[in-house]
Amino acid sequence: MAPRIIDTIKKNHREIESYYGKLITSQNEDEQTRFQNLFTWELARHSIGEELIVYPLFEKLLSEGVAMANKDRDQHLKVKKQLKAFQKMTPSDAQFVPTVRELMENLTEHIKEEENDDLPKLEQALTQEDSEEYSKSFGRTKMFVPSRAHPSAPDKPPYETVVGLLTAPIDHLADLFHTLECWALGLVGTDLLSTPRYLLPSVDFCLSLSRSQPQVACVVGKIASAELSWELIIQVRPH
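Take any residue in the sequence shown, count from 1 to its spot, add 2: that is its number in my numbering.
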């Protein structure tokens, strides 16, 4: 059984906490720099992933979802400001450890609220299938992270710096993510009408993109799968 969205986010929280722990306990500057890189990129990617995937679900599915999403976005904004300052520092800076400690204190409070309140409420509003699919979609936000920061990420991410990712408008990130997601998926659904609901924004975006931007080609075709059912291929690629 695939992990639910709450499980995926909790696992990512533990990864970020692990990078932080190694960062502040290491006595080697090269190692500290490596874990600083991992920590900043993973936290930036995680924050963007929640804003693209999770918070819109709060707003759509929960009666108090708009207030929840706004609260979490405000908390993210504070952490992002601290993260942008921290990623410019080197281990030799006197404020290196104090800065990341303060950042982590704010982040820990945010994580507790999410795991104990926000995410359980979201899970109650999702089916098992939808939760698993949103979990997969959240995982694909790793495409925003460069390979030097995370070994499982693509070689050519759309942003080369943490600041570039953190300061990008969220609507631009959403459009870009839909493009990357379509490219990564390849095969989705048996036809457009039966495409999983969580993928429809990506499918719609790919189709509209091919009509509005001549530099991008959207290839839509059908092939027979091993089970002899017809499947829709959606890919976005440069001409």
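Just so you know, even glycine gets a beta-carbon here, dropped at the ideal spot from N, CA and C.
Three-state secondary structure assigned by DSSP to residue i
{"i": "P93", "result": "coil"}
{"i": "S28", "result": "coil"}
{"i": "M3", "result": "coil"}
{"i": "L64", "result": "coil"}
{"i": "L54", "result": "helix"}
{"i": "L128", "result": "coil"}
Cα-Cα separation between residue i and residue j, rounded to whole angstroms
{"i": "I50", "j": "T143", "result": "8 Å"}
{"i": "L45", "j": "L105", "result": "11 Å"}
{"i": "E107", "j": "M3", "result": "34 Å"}
{"i": "L40", "j": "Y21", "result": "7 Å"}
{"i": "E135", "j": "L109", "result": "26 Å"}
{"i": "D32", "j": "P93", "result": "8 Å"}
{"i": "Q77", "j": "E111", "result": "9 Å"}
{"i": "P100", "j": "F88", "result": "10 Å"}
{"i": "V102", "j": "Q130", "result": "36 Å"}
{"i": "I7", "j": "N14", "result": "11 Å"}
{"i": "D95", "j": "Q126", "result": "45 Å"}
{"i": "L54", "j": "N30", "result": "36 Å"}
{"i": "L1", "j": "G141", "result": "Nothing can be reported for residue 1, as the shown portion of the chain is limited to 3 through 241."}
{"i": "L25", "j": "Q84", "result": "16 Å"}
{"i": "I113", "j": "W43", "result": "17 Å"}
{"i": "L63", "j": "S28", "result": "43 Å"}
{"i": "K86", "j": "D119", "result": "28 Å"}
{"i": "F60", "j": "G23", "result": "30 Å"}
{"i": "I18", "j": "R47", "result": "11 Å"}
{"i": "P122", "j": "R75", "result": "18 Å"}
{"i": "Q97", "j": "R36", "result": "18 Å"}
{"i": "T10", "j": "S137", "result": "6 Å"}
{"i": "L128", "j": "K82", "result": "29 Å"}
{"i": "K73", "j": "K12", "result": "19 Å"}
Per-residue burial, residue i [other beta carbons within 10 Å of its own, 16 or more giving buried]
{"i": "E116", "result": "buried"}
{"i": "Q34", "result": "buried"}
{"i": "S133", "result": "buried"}
{"i": "A71", "result": "buried"}
{"i": "V68", "result": "exposed"}
{"i": "R16", "result": "exposed"}
{"i": "S269", "result": "Look at the range of the chain in this structure, 3 to 241, and you will see that residue 269 is not part of it."}
{"i": "K80", "result": "exposed"}
{"i": "K2", "result": "As displayed, the chain neither begins before 3 nor continues past 241, which places residue 2 out of reach and without an answer."}
{"i": "Q38", "result": "buried"}
Limits of the alpha helix (DSSP H) - the one that residue i falls within
{"i": "D248", "result": "In the structure displayed, the chain extends from 3 to 241; residue 248 sits before or after that span and is not available."}
{"i": "T101", "result": "F98 to E115"}
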